[in-house]
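Colleague: Each residue of the sequence shown is one higher than the last, beginning at 176 in our numbering.
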Amino acid sequence: MLLHMEIAGEDKAIVLNNEVLITCCNTLFDRIETVVKHALRDSGYHAIDIDEIILAGGSSKMPIVSYFLHNLLGKEPVMIGSPDEVIAQGARIYAGIKARNEEIRDMLLTDICPFTLGVGTHNPSNNGHFNMSPIIERNSVLPISKTRTYTNVHNMQKKVKFNIYQGEAFDCADNLCLGSIIIDIAPMMANEAVVNVTFAYDINGILVVDVEDSFSTNKKQAIFKSEGMNLSQKEIAQKIELLKQYKSDFSGDERDKLLLARAERLYQELTGINRVRIAKAMEDYEYVISVSDKHAKHILRQQITAMLDRFEEFFDVE
Numbered sequence: 176m177l178l179h180m181e182i183a184g185e186d187k188a189i190v191l192n193n194e195v196l197i198t199c200c201n202t203l204f205d206r207i208e209t210v211v212k213h214a215l216r217d218s219g220y221h222a223i224d225i226d227e228i229i230l231a232g233g234s235s236k237m238p239i240v241s242y243f244l245h246n247l248l249g250k251e252p253v254m255i256g257s258p259d260e261v262i263a264q265g266a267r268i269y270a271g272i273k274a275r276n277e278e279i280r281d282m283l284l285t286d287i288c289p290f291t292l293g294v295g296t297h298n299p300s301n302n303g304h305f306n307m308s309p310i311i312e313r314n315s316v317l318p319i320s321k322t323r324t325y326t327n328v329h330n331m332q333k334k335v336k337f338n339i340y341q342g343e344a345f346d347c348a349d350n351l352c353l354g355s356i357i358i359d360i361a362p363m364m365a366n367e368a369v370v371n372v373t374f375a376y377d378i379n380g381i382l383v384v385d386v387e388d389s390f391s392t393n394k395k396q397a398i399f400k401s402e403g404m405n406l407s408q409k410e411i412a413q414k415i416e417l418l419k420q421y422k423s424d425f426s427g428d429e430r431d432k433l434l435l436a437r438a439e440r441l442y443q444e445l446t447g448i449n450r451v452r453i454a455k456a457m458e459d460y461e462y463v464i465s466v467s468d469k470h471a472k473h474i475l476r477q478q479i480t481a482m483l484d485r486f487e488e489f490f491d492v493e
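1. Is THR202 helix, strand or coil by DSSP?
2. Enumerate in chain order the residues of its own chain whose CB-to-CB distance from SER355 is below 7 Å, with the five nearest sequence positions on each side excluded.
3. Looking at PHE399: is its Cβ nearer than 8 Å to the Cβ of ALA361?
4. Less than 8 Å between the CB atoms is what I'm expecting for CYS288 and SER315, so what's the real figure, rounded?
5. Skipping 5 residues on each side, what residues in its chain have a beta carbon closer than 7 Å to that of ILE464?
6. Checking 8 Å against the spacing of the C-beta atoms, do LEU435 and MET457 come in under that value?
7. Assign LYS394 to one of two classes, buried (16 or more other C-beta atoms within 10 Å of its C-beta) or exposed (fewer than that).
8. With H, G and I counted as helix, E and B as strand and the rest as coil, what does DSSP make of PHE337?
9. Using beta-carbon positions only, say whether ASN193 and ILE239 come within less than 8 Å of one another.
10. Closest by CA to TYR325, which one among ASP385, TYR220, LEU406, ALA222?
11. For MET176, which residues of its own chain have a beta-carbon under 6 Å away from its beta-carbon, when the five flanking residues on both sides are left out?
12. In terms of DSSP beta bridges, what is CYS288 paired with?
13. Distance, Cα to Cα, GLU185 vs ASP349?
14. Report whether the distance from the Cβ of ASN405 to the nearest heavy atom of the ligand NAD is below 7 Å.
15. Taking the CB atoms as reference points, tell me whether ILE358 and VAL369 lie closer together than 8 Å.
16. Locate the beta strand (DSSP E) running through HIS137, then write down its first and last residues.
17. Closest to LEU248 by CA distance: which of GLY265, ILE223, PHE290, GLY256 is it?
18. Report yes if the CB atom of ARG372 is closer than 8 Å to the CB atom of THR322, and no otherwise.
19. What residue range does the beta strand (DSSP E) around MET307 cover?
In structure tokens, the structure reads:
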């Protein structure tokens with residue numbers, strides 16, 4: 176396209192094509208590229224895995240946007256209907272599902288958690304700051320329930336305080352603190368307590384945090400709600416009851432199976448003394464499971480996990 180204009184009394188002309196426009200809008204397209212690559216990385220897929228690129232939103236009507244995405248992803252984007260209307264249609268369907276409209280009661284809508292939720296963990300080398308320990312990762316499908324296990328820092332510690340954070344930063348000071356929960360635990364030597372923390376989260380922004388000390392069986396629960404929630408106390412109570420069906424005890428048999436399966440996979444990949452070490456670790460772990468020794472299992476799980484991590488890193492095992 177050749178554009179003519181008058182500047183300071185002189186007739187000027189400029190050739191405007193896709194390449195020139197991309198250069199002019201370089202900052203904007205850099206932001207688009209960052210978002211697209213971020214989404215792909217979080218999904219675990221690569222551009223080659225994409226079946227179709229469907230455009231939505233008013234700006235996608237610009238040919239330059241389609242051209243840019245084509246060059247970025249190596250596939251021609253498609254447009255289904257009006258890109259403006261599909262946004263409105265999606266919002267309408269979402270509202271209908273939230274309102275339990277009978278006409279679309281069989282339609283399923285998958286929502287995701289747009290941020291990471293976790294707790295702060297002690298780091299003595301970080302000037303008293305806490306490190307973020309994710310429990311529910313961003314882009315997790317909702318509703319969801321996840322459990323992680325933590326331990327005590329000090330000898331004969333009687334209480335553990337968990338600060339609940341939202342955000343992606345490693346340093347909890349850079350994340351949003353939602354609140355805290357304190358639980359009494361059985362006094363034990365450092366790193367011997369077993370405290371399970373379960374997060375249950377839904378699309379309404381309700382986060383239910385359950386904390387349990389495995390040895391004393393003490394339990395605590397805290398509920399965090401997003402600001403601006405337009406639900407009554409009765410509706411919130413109903414949502415919390417619904418969340419209970421998604422809670423899964425990941426601290427028991429399932430986690431044992433996953434660890435043993437991981438060890439078995441590495442056993443098949445490696446040879447020699449390394450295979451012997453993995454076999455011995457599997458035998459020891461199966462033994463502590465059989466005798467129901469929670470304390471020994473917790474310690475051994477940490478040791479085996481660290482060993483498997485080293486093997487995977489050193490031998491570059493996928």
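For each residue, glycine too, the CB sits at the ideal point set by N, CA and C.
Every value quoted in this text rests on a predicted model; they were computed, and no experiment measured them.
Modeller: Reading from the atomic positions:
1. If you number the sequence shown from 1, residue 202 lands on position 27. Here THR202 sits in helix by DSSP.
2. The count along the sequence shown starts at 1 and reaches residue 355 at position 180. Same-chain partners within the cutoff: LYS336, PHE337, ASN338, ILE339.
3. To locate residue 399, count along the sequence shown from 1; it is residue 224. To locate residue 361, count along the sequence shown from 1; it is residue 186. No. Outside cutoff.
4. The residue given as residue 288 occupies position 113 in the sequence shown. The residue given as residue 315 occupies position 140 in the sequence shown. Confirmed, Cβ separation roughly 5 Å.
5. Reading the sequence shown from its first residue, position 289 is the one you call residue 464. Result list for ILE464: ASP431, LYS472, in chain order.
6. For the purposes of this step, residue 435 is taken as residue 260 along the sequence shown, with counting starting at 1. For the purposes of this step, residue 457 is taken as residue 282 along the sequence shown, with counting starting at 1. Yes.
7. The residue you call residue 394 lines up with position 219 of the sequence shown. The residue is exposed, with fewer than 16 neighbouring Cβ atoms inside 10 Å.
8. The residue given as residue 337 occupies position 162 in the sequence shown. PHE337: strand per DSSP, three-state reduction.
9. Position 18 of the sequence shown, counted from the start, is the residue given in the question as residue 193. Position 64 of the sequence shown, counted from the start, is the residue given in the question as residue 239. Their beta carbons are under 8 Å apart, which means ASN193 touches ILE239 by this criterion.
10. On the sequence shown, residue 325 is found 150 positions in, with the first residue counted as 1. Selected option, being the one with the closest Cα: ASP385.
11. Counted from its first residue, the sequence shown places residue 176 at position 1. LEU191.
12. As a first step, residue 288 is located in the sequence shown; it is residue number 113 there, counting from the start. Per DSSP, none; premise fails for CYS288.
13. Counting from 1 along the sequence shown, the entry for residue 185 is found at position 10. Counting from 1 along the sequence shown, the entry for residue 349 is found at position 174. Whole-angstrom Cα-Cα distance: 54 Å.
14. For the ligand NAD, the structure offers nothing, since it holds no ligand at all.
15. What you label residue 358 is simply residue 183 of the sequence shown in a count that begins at 1. What you label residue 369 is simply residue 194 of the sequence shown in a count that begins at 1. No, Cβ-Cβ distance for ILE358 and VAL369 is not below 8 Å.
16. The chain is shown from 176 up to 493; residue 137 falls before or after that span and cannot be answered.
17. Numbered from 1 along the sequence shown, position 73 holds the residue referred to as residue 248. Minimum Cα distance to LEU248 is reached at ILE223.
18. Residue mapping note: residue 372 aligns to position 197 of the sequence shown, counting from 1. Residue mapping note: residue 322 aligns to position 147 of the sequence shown, counting from 1. Note that residue 372 is Val in the sequence shown, not Arg. Yes, the pair counts as a contact, with Cβ atoms nearer than the cut-off.
19. Against the sequence shown, residue 307 aligns to sequence position 132. Run containing MET307: 305-311, per the beta strand (DSSP E) assignment.
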